[in-house]
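Quick note, this note's numbering runs 14 ahead of the 1-based positions in the sequence shown. Note that the Cβ used here is the ideal one computed from N, Cα and C, for glycine as well. Only a predicted model underlies this, so the values are computations on that prediction, with no experimental measurement involved. Before any comments, here is the structure.
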Amino acid sequence: RVLESRSRREAWLTMACFTGQVYSCIYYSVFLATALLFIAGYRLVRMPSDERTRVIRLMVVPVVASAVIAAPYAAAYLLNRSSLGDRIDRDVYLYSATLRNYLATSEFNLLYGRTSEWFGQPERLLFPGITAVVLAMVGLAQFDRTRITLAIAGVTGFVLSLGLNTPVYAALRLVVTPYRGLRAPAAS
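Laid out in structure tokens, this is it:
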């Protein structure tokens, strides 16, 4: 919304929500930050330079404030990482999704459980259901700014969920420290 409204209030609310996400679940905040970077990059590149500069200036103080507020959590995460080390590739591969996992549901799913549970395992049962797939396809039949933003978020989440089954995740682990501590990319 801040990219639409260019409102200081929206900038603060965005970063307050993101900071809350950091404290509630590091996994989702790391994945969300990645998606937001792609979304913001796409949207900012398409803005006139004066508006882009205004939005970036508008976000600087809320982003810094968010980083300061999240710093104690990040410090605890880094201390934990220094004593436990990075997640080993074997564990990350185990919890990296495959295309087949997007056909899998839990055995307890009343509609699909008996027929699709063998496509996955816990934390890799990712089939959202036929209705969700059809609605997504209908929603993406036309593209506008909002739908492109949602598509970027969806594609980012999908690629990240594949974890070490793609070179993207391996590159992120090399460059972005929090990715080294995540065990279950399929959770993205």
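Contact set for residue i: own chain, Cβ-Cβ below 6 Å, skip 5 residues either direction
i            : result
threonine 28 : Val16
alanine 155  : none
Beta-carbon gap between residue i and residue j smaller than 7 Å
i             : j             : result
tyrosine 91   : tyrosine 37   : no
aspartate 105 : arginine 187  : no
proline 76    : tryptophan 26 : yes
leucine 178   : tyrosine 107  : yes
Closest residue to residue i among the options (Cα-Cα distance)
i                 : options                           : result
arginine 57       : Leu125, Gly177, Arg161 and Tyr183 : Arg161
asparagine 123    : Val75, Leu108, Thr180 and Gly143  : Gly143
phenylalanine 172 : Ala185, Cys31 and Ser110          : Ser110
alanine 150       : Ile70, Asn179, Gly168 and Asp158  : Gly168
isoleucine 70     : Val190, Ser21 and Val189          : Ser21
glycine 34        : Ala146, Val148 and Ala79          : Ala79
leucine 125       : Thr112, Pro136 and Thr145         : Thr145
Same chain only: Cβ atoms within 7 Å of residue i, ignoring 5 sequence neighbours per side
i             : result
tyrosine 116  : Leu140 and Phe141
aspartate 210 : Within the shown structure, residues of the chain are numbered from 15 to 202, placing residue 210 beyond reach of any answer.
leucine 174   : Phe45, Thr48, Tyr183, Pro199 and Ser202
Min CB distance residue i to chain C below 7 Å
i         : result
valine 77 : Checking the listed chains, one finds no chain C in this structure; it contains a single protein chain.
Cutoff 8 Å; reference residue i; Cβ partners in own chain excluding five residues on either side
i              : result
tyrosine 41    : Leu196, Ala198, Ala201 and Ser202
isoleucine 166 : Ala49, Phe52, Ile53 and Tyr56
proline 192    : Ile40, Val44 and Tyr91
serine 97      : none
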